[in-house]
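The listed protein sequences correspond, in order, to chains H and B.
Start counting the first sequence at 1; every next residue gets the next number (my numbering).
Start counting the second sequence at 1; every next residue gets the next number (my numbering).
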Amino acid sequence: MSDSRPILNVWGAELSHGARKILRGVDLTLRPGEIYALLGPNGAGKTTLIHAICGRMKLSKGDIALEGQNPWSTPVCRAALGLVPQNIALYNHMTVAENLQTFGRLAGVRGRALRDAVARAIHLCRIADRENEPIGRLSGGYRRRVNIACAILHGPRLLILDEPMVGVDPDAREALDGVIRDLRDAGVCVLMITHDLDQAGDLADRVGFLREGRKVMEGSPRGLITQAFGEELEILVQLDEDPDSNDEIVLNAAGLERRGKTNVWTTLDAGGYATAGRLDSTLRRAGVTPREIRVRQPSLHNLFTLVADWQDAA
Amino acid sequence: MMFAMFRVMLLRLLRDRGALAMTFLLPPLVFVIFATVFAGSSGENIKLKLVIADQARTPASGRLVEALLQDGHLRSVPADPSTIKGVRRQVREGKADAGLIILSDPAGAGTPFLIITDTTRAMAAPMTRGRIQAALSERLPDVVLSKTLSLVEPVYDPSAAQQARARAVIEGVRDDVQAGRAVPADQDQFAVEAISGAGKGRGTITYYAGAVTILFALFSAVNAAMTLIEERRAGVADRILAGAAGMTPALNGKFLFIVLQTMLQACAIFFVAQLIYDTQVRSHLWPWLATSVCVGVCAAGVALGIVSLHRNRDQAQLVSTFLILLLAAVGGSMVPRFLMPPWLQTLGLFTPHVWAIDAYQALLWRDAELTSVYPAWGILVGIGLAGLLLAHVMARLVRR
Numbered sequence: 001m002s003d004s005r006p007i008l009n010v011w012g013a014e015l016s017h018g019a020r021k022i023l024r025g026v027d028l029t030l031r032p033g034e035i036y037a038l039l040g041p042n043g044a045g046k047t048t049l050i051h052a053i054c055g056r057m058k059l060s061k062g063d064i065a066l067e068g069q070n071p072w073s074t075p076v077c078r079a080a081l082g083l084v085p086q087n088i089a090l091y092n093h094m095t096v097a098e099n100l101q102t103f104g105r106l107a108g109v110r111g112r113a114l115r116d117a118v119a120r121a122i123h124l125c126r127i128a129d130r131e132n133e134p135i136g137r138l139s140g141g142y143r144r145r146v147n148i149a150c151a152i153l154h155g156p157r158l159l160i161l162d163e164p165m166v167g168v169d170p171d172a173r174e175a176l177d178g179v180i181r182d183l184r185d186a187g188v189c190v191l192m193i194t195h196d197l198d199q200a201g202d203l204a205d206r207v208g209f210l211r212e213g214r215k216v217m218e219g220s221p222r223g224l225i226t227q228a229f230g231e232e233l234e235i236l237v238q239l240d241e242d243p244d245s246n247d248e249i250v251l252n253a254a255g256l257e258r259r260g261k262t263n264v265w266t267t268l269d270a271g272g273y274a275t276a277g278r279l280d281s282t283l284r285r286a287g288v289t290p291r292e293i294r295v296r297q298p299s300l301h302n303l304f305t306l307v308a309d310w311q312d313a314a
Numbered sequence: 001m002m003f004a005m006f007r008v009m010l011l012r013l014l015r016d017r018g019a020l021a022m023t024f025l026l027p028p029l030v031f032v033i034f035a036t037v038f039a040g041s042s043g044e045n046i047k048l049k050l051v052i053a054d055q056a057r058t059p060a061s062g063r064l065v066e067a068l069l070q071d072g073h074l075r076s077v078p079a080d081p082s083t084i085k086g087v088r089r090q091v092r093e094g095k096a097d098a099g100l101i102i103l104s105d106p107a108g109a110g111t112p113f114l115i116i117t118d119t120t121r122a123m124a125a126p127m128t129r130g131r132i133q134a135a136l137s138e139r140l141p142d143v144v145l146s147k148t149l150s151l152v153e154p155v156y157d158p159s160a161a162q163q164a165r166a167r168a169v170i171e172g173v174r175d176d177v178q179a180g181r182a183v184p185a186d187q188d189q190f191a192v193e194a195i196s197g198a199g200k201g202r203g204t205i206t207y208y209a210g211a212v213t214i215l216f217a218l219f220s221a222v223n224a225a226m227t228l229i230e231e232r233r234a235g236v237a238d239r240i241l242a243g244a245a246g247m248t249p250a251l252n253g254k255f256l257f258i259v260l261q262t263m264l265q266a267c268a269i270f271f272v273a274q275l276i277y278d279t280q281v282r283s284h285l286w287p288w289l290a291t292s293v294c295v296g297v298c299a300a301g302v303a304l305g306i307v308s309l310h311r312n313r314d315q316a317q318l319v320s321t322f323l324i325l326l327l328a329a330v331g332g333s334m335v336p337r338f339l340m341p342p343w344l345q346t347l348g349l350f351t352p353h354v355w356a357i358d359a360y361q362a363l364l365w366r367d368a369e370l371t372s373v374y375p376a377w378g379i380l381v382g383i384g385l386a387g388l389l390l391a392h393v394m395a396r397l398v399r400r
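Printed below as a string of structure tokens:
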């Protein structure tokens, strides 16, 4: 991460829809050459914050400076911004190259500069082999890459990615991760909204948790995990099938919690492998046979659950 | 930036064969159908189908039936069976435009003719009446004279010698007609003069060319303007709005494209009108082009304005179709305005259709001064710019 001047500053951002407060004093500072993942449950205020940064909403209180200027009152500063919407925001009746030329022109790039920008975007996003194909014929992963390419033609210093991995298979995801890292290495600041905590953990230099309009935690993924869990390790118990109500009582009594809607049950414990062995015996004695028990470092999933629990407790 | 959006719209149209056909093939086709139907019904080519039942069966009635069967302005057929009931059934079933029952001898007293018509064919009764009177005066003048004499004789009380001379004159007239010596045209008291000269095209044709142009211009414009909603749904609008220029160039690009699309559509319709009906477009090319630009501006503005008010395609489609059809009906794109009651004609002035049709007619049919179409141009452009302004305002609101 570079230590240069911030490209984006958000100070005490507050925004309300009628009586409902969407943002309650969010601060954010982003610098060139970093990937920042903005995390949080639905309704946390992530999209509203992005809309405010893009100059589409006026803050009730606080201020935003994109390259030193407010994007709401000084639209010209939005030239420093590139947005990759969650949907595939492309023209299906046009080829990859035609889309790139169109969005380049709409961003104010023309002539030789446009040709160079298109070539650079095609290279960065690794789409040269499908340049002349209509968007409708591309796979989901390729469309995502073109979606990103169309947002970088005017050389934005801040690239906002809204859920860039929705509907993408693992291979395509790996390729997209590479594209995002290349952009970061080229000096672009990437602000990523995602529900994919694994991707955020892998890619982001910093993450910020937003909940009910407040930023409740911010830092590097590893730093935050260490700070929150210390020496604790995550123990994952994988079951073959859905446990019945008796099994659930046993699993809960052993201190395990179900992860989402999966058949994976987890707990955090400093005992690590020793605790895992004890758990295995306890469960088998009670008639619950795990298919697999794994021990690993805690991830952003655990942090996310922890943050949610804090808030619920509060 | 504006031309980037123009190119997007152009490629969208060129790569969609269905949209191409709907935009450039269907309007001329509909125009030809309308022109054929309405030019025929209001012009000199109309041929009424008349079914005739001769219940009198006198020599005069027989001569009248023969005269009507030979009338080139009618398609007359003798009724079979020749009863009132049979004639009524044929008219009711739409097999004939009108029916004629000859109840008694045309030369005799009383009311010898009964005309049967359907109320939906308002012109059929007077036209039938006119053709019967023409047949009587041209082919049976002796019958008319004889009838007139029978009315006059009681007043003047002619002597037997005078009556004999009068009968001789009547018989002479009958012999002349039967021998083909009488020239019916010489006896015609009416001369007809068309208000447009030869080669000036026909009013009805120009009317429907204009009517179909504005109707389809609006439909095609709404279809193109729907891209506003598609772009919003796909996230393209988010991408554009995040840019420094916002939606302004994109909207203007769409507007420009729709104006051009309407002009090309008008070209297709009036090309057919010129080719088939000799509508005088070539000799009024520049004023016609200016009118088509104004129609394009109007259609583009109205379409963008309507679509920008809606959040989803179904809603926009429903409202725009409702509005366009309503405006077309009131504005005279479906039925000529002169057939409408006065209050509806006045209401029509609030639609762009009336002004578009009027401008085309003024230039191509009435051969009017250019200054007389300025108000129509002004109103069309005004409506269009108001719609565009609305679309820009709505785009700013969507930004929020």
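No residue lacks a Cβ here, since even glycine has one placed at the ideal position from N, Cα and C.
Where does residue i sit, in a helix, a strand or coil, going by DSSP?
i             : result
residue 37/B  : helix
residue 212/B : helix
residue 88/B  : helix
residue 199/B : Interpretation of residue 199/B is limited by its pLDDT of 44, a score under 50 that renders its predicted location unreliable; no figure is taken from the coordinates.
residue 331/B : helix
residue 127/H : coil
residue 208/H : strand
residue 121/B : coil
residue 355/B : helix
residue 113/B : strand
residue 304/H : helix
residue 147/B : helix
residue 140/B : coil
residue 299/H : coil
residue 55/H  : coil
residue 75/H  : helix
Looking only at C-alpha atoms, which of the options sits nearest to residue i?
i             : options                      : result
residue 8/H   : 17/H, 133/H, 22/H and 26/H   : 26/H
residue 389/B : 344/B, 297/B and 257/B       : 297/B
residue 220/H : 23/H, 39/H and 276/H         : 39/H
residue 65/H  : 44/H, 19/H, 11/H and 93/H    : 11/H
residue 127/B : 109/B, 98/B, 113/B and 142/B : 98/B
residue 164/H : 266/H, 304/H and 87/H        : 87/H
residue 181/H : 196/H, 200/H, 28/H and 168/H : 200/H
residue 95/B  : 125/B, 214/B, 109/B and 50/B : 50/B
residue 6/H   : 17/H, 24/H, 68/H and 255/H   : 68/H
residue 79/B  : 65/B, 71/B, 338/B and 72/B   : 65/B
residue 31/B  : 285/B, 22/B and 273/B        : 273/B
Do the CB positions of residue i and residue j come within less than 8 Å of each other?
i             : j             : result
residue 147/H : residue 90/H  : yes
residue 105/H : residue 126/H : no
residue 67/B  : residue 129/B : no
residue 217/H : residue 35/H  : no
residue 30/H  : residue 189/H : yes
residue 8/B   : residue 95/H  : no
residue 141/H : residue 162/H : no
residue 357/B : residue 214/B : yes
residue 14/B  : residue 257/B : no
residue 62/B  : residue 54/B  : yes
residue 232/H : residue 298/H : yes
residue 239/B : residue 83/H  : yes
residue 19/H  : residue 212/H : no
residue 266/H : residue 236/H : yes
Taking the DSSP output, what are the residues bridged to residue i?
i             : result
residue 54/B  : 102/B
residue 290/H : 239/H
residue 29/H  : 9/H
residue 1/B   : Paired residue(s): none; residue 1/B is not in a bridge.
residue 193/H : 38/H and 162/H
residue 61/H  : 14/H
residue 69/H  : 66/H
residue 78/B  : 52/B
Is the beta carbon of residue i within less than 7 Å of some heavy atom of the ligand GDP?
i             : result
residue 306/H : Absence of the ligand GDP is noted for the structure shown, with no ligands found whatsoever.
If we define contact as Cβ-Cβ less than 8 Å, is residue i a contact residue for chain C?
i             : result
residue 247/B : The structure shown has no chain C; the protein chains it does contain are H and B.
Taking only runs of the beta strand (DSSP E) that begin and end inside the segment 241-282 of chain B, which ones reach a length of at least 3 residues, in chain order? For secondary structure counted as the beta strand (DSSP E) over 3 or more consecutive residues, the segment 241-282 of chain B holds no complete run.
If you scan the segment 219-286 of chain H from start to end, which runs of the beta strand (DSSP E) of 3 or more residues do you find wholly inside it? Correct list: 233-239 and 264-269.
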